[in-house]
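Peer 1: Going by the working numbering, the sequence shown opens with residue 550, and the numbers climb by one from there.
Note that CB positions come from ideal geometry on N, CA and C, so glycine has one too.
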Amino acid sequence: MEDVGDTVAALGLPVGDPAAAGTSPRTFDDGAQYRVEIPSVEGPEALQAVIDTADEYRVPVHRVSQGSGIMLQTDAEIDRMVALGRQNGIEVCLFVGPRASWDVGAQARADTGMVVGGSLRGADQLAFGVEDVRRGCELGLRSVLVGDLGQLWVLNELRSRGALPADLVLKTSVTLPAANPATARVLEGLGATTINLPVDLSVAQIAAIREAVTVPLDMYIEAADDFGGSVRYYELPEIVRVAAPVYLKFTVRNAPGLYPAGGHLRELVLSTARERVRRAAIGLGTLERAAARPFPRQDGTPPTERSA
Numbered sequence: 550m551e552d553v554g555d556t557v558a559a560l561g562l563p564v565g566d567p568a569a570a571g572t573s574p575r576t577f578d579d580g581a582q583y584r585v586e587i588p589s590v591e592g593p594e595a596l597q598a599v600i601d602t603a604d605e606y607r608v609p610v611h612r613v614s615q616g617s618g619i620m621l622q623t624d625a626e627i628d629r630m631v632a633l634g635r636q637n638g639i640e641v642c643l644f645v646g647p648r649a650s651w652d653v654g655a656q657a658r659a660d661t662g663m664v665v666g667g668s669l670r671g672a673d674q675l676a677f678g679v680e681d682v683r684r685g686c687e688l689g690l691r692s693v694l695v696g697d698l699g700q701l702w703v704l705n706e707l708r709s710r711g712a713l714p715a716d717l718v719l720k721t722s723v724t725l726p727a728a729n730p731a732t733a734r735v736l737e738g739l740g741a742t743t744i745n746l747p748v749d750l751s752v753a754q755i756a757a758i759r760e761a762v763t764v765p766l767d768m769y770i771e772a773a774d775d776f777g778g779s780v781r782y783y784e785l786p787e788i789v790r791v792a793a794p795v796y797l798k799f800t801v802r803n804a805p806g807l808y809p810a811g812g813h814l815r816e817l818v819l820s821t822a823r824e825r826v827r828r829a830a831i832g833l834g835t836l837e838r839a840a841a842r843p844f845p846r847q848d849g850t851p852p853t854e855r856s857a
């Protein structure tokens, strides 16, 4: 029987998770290895809080993402978020709607059925999801968060045919996780511009995925409780080294869920937005200290310089 390793290698995929993960040679277009993303920025007031707190902590915020969705914001609110992003050099990424977890179906709310929460149920929901993206694009949005595999394909097809802007970023959600190199390759092939990884992958597993795709990866350094609540600040230097180009995402543990957000959760939305930026400052401090006094590396070789 043909060796499984040879079979996998023939597909252009890594044969295993490298015990001594190599340094990624890839960067963003500007030469940076990492960028900072603040997730769960639920509306323009929260985005302003992120901008103000980033100034206070001297944190470069490159992207904000939002989970309540395009459909739960007014035109004026989306206009304001897009304008604030443009003025401050921040990519604004909004989740598309609807999704199964808020639909009439029961499976997404069952303990063992939550895996389908980000999917679109039926042809009507798929059409609604496309309309959500079209509305956002008409308001100037150029980055959307996608949790359904078929919708990713549809949006990429529409983008390639000129029905959606050519510069539209299709960011896959952590609810559509790429847990291995083959899945990441599939998402990239379907048009994903940036790929969210599960929060609990080891550095070696992340490195294997980086070998399989060229697009940026998204990685939670601190994850919400309902996604496992991992806190990985001391792994940051290694994650940057093997995953570059990578978006470093910072949320907060021990915080209630925000989706769908609204005025009834205003104070929580704003306080957690500010705290996420503070967590990012802690993470960047970890990287700075590692550059000055390198932490031990997996493969025992000298550290490489990291850049944002």
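Write down the C-beta distance between R802 and D774 rounded to the nearest angstrom, noting that I regard them as a contact closer than 8 Å.
Peer 2: With a Cβ gap of about 6 Å, R802 and D774 count as contacting.
Peer 1: Quick one: measure Cβ to Cβ for L785 and A741, integer angstroms, because I've assumed they're closer than 8 Å.
Peer 2: Actually they do not touch by this definition, with Cβ atoms about 24 Å apart.
Peer 1: Please confirm if the stretch 569-587 is in contact with the stretch 685-695, defined as three or more CB-CB distances below 8 Å between the two stretches.
Peer 2: With a cut-off of 8 Å, the stretch 685-695 and the stretch 569-587 do not count as touching, because too few Cβ pairs lie within range.
Peer 1: Given that a residue counts as buried once 16 or more other Cβ atoms are within 10 Å of its Cβ, and exposed if not, what is G565?
Peer 2: So G565 counts as exposed.
Peer 1: Output yes or no for whether 8 Å exceeds the beta carbon distance between P647 and G616.
Peer 2: Not a contact, by the Cβ cut-off of 8 Å.
Peer 1: What residue ranges within the stretch 646-718 form continuous beta strand (DSSP E) runs of no fewer than 3 residues, ordered along the chain?
Peer 2: Entirely contained in the stretch 646-718, the beta strand (DSSP E) runs reaching 3 residues are, in chain order, 692-695.
Peer 1: When the Cβ atoms of the stretch 629-638 are set against those of the stretch 655-670, are three or more pairs found closer than 8 Å?
Peer 2: These segments do not touch.
Peer 1: Give the secondary structure of I639 by DSSP, where H, G and I count as helix, E and B as strand, and everything else as coil.
Peer 2: Three-state result, I639: coil.
Peer 1: Can you check which of these residues, E586, L562, A672, is closest to N729 by C-alpha distance?
Peer 2: Nearest of E586, L562, A672 to N729, Cα basis: L562.
Peer 1: Under 8 Å, with one C-beta from each stretch per pair, do the stretch 690-697 and the stretch 711-722 reach the 3-pair mark?
Peer 2: The stretch 690-697 vs the stretch 711-722: in contact.
Peer 1: What is the residue span of the beta strand (DSSP E) that V613 lies within?
Peer 2: From DSSP, the beta strand (DSSP E) with V613 extends over 612-615.
Peer 1: Going residue by residue through the stretch 553-618, where are the continuous beta strand (DSSP E) segments of at least 3 residues, counting only ones entirely within it?
Peer 2: Whole beta strand (DSSP E) segments, 3+ residues: 583-587, 612-615.
Peer 1: With a 10 Å radius around its C-beta and 16 neighbouring C-beta atoms as the bar for buried, classify G592 as buried or exposed.
Peer 2: Counting Cβ neighbours within 10 Å, G592 comes out buried, since at least 16 surround it.
Peer 1: Does the structure place the stretch 822-829 close enough to the stretch 599-615 that three or more beta carbon pairs sit under 8 Å?
Peer 2: Yes: at least three Cβ pairs fall under 8 Å.
Peer 1: The alpha helix (DSSP H) that contains V735, what's its start and end?
Peer 2: V735 -> alpha helix (DSSP H) spans 730-738.
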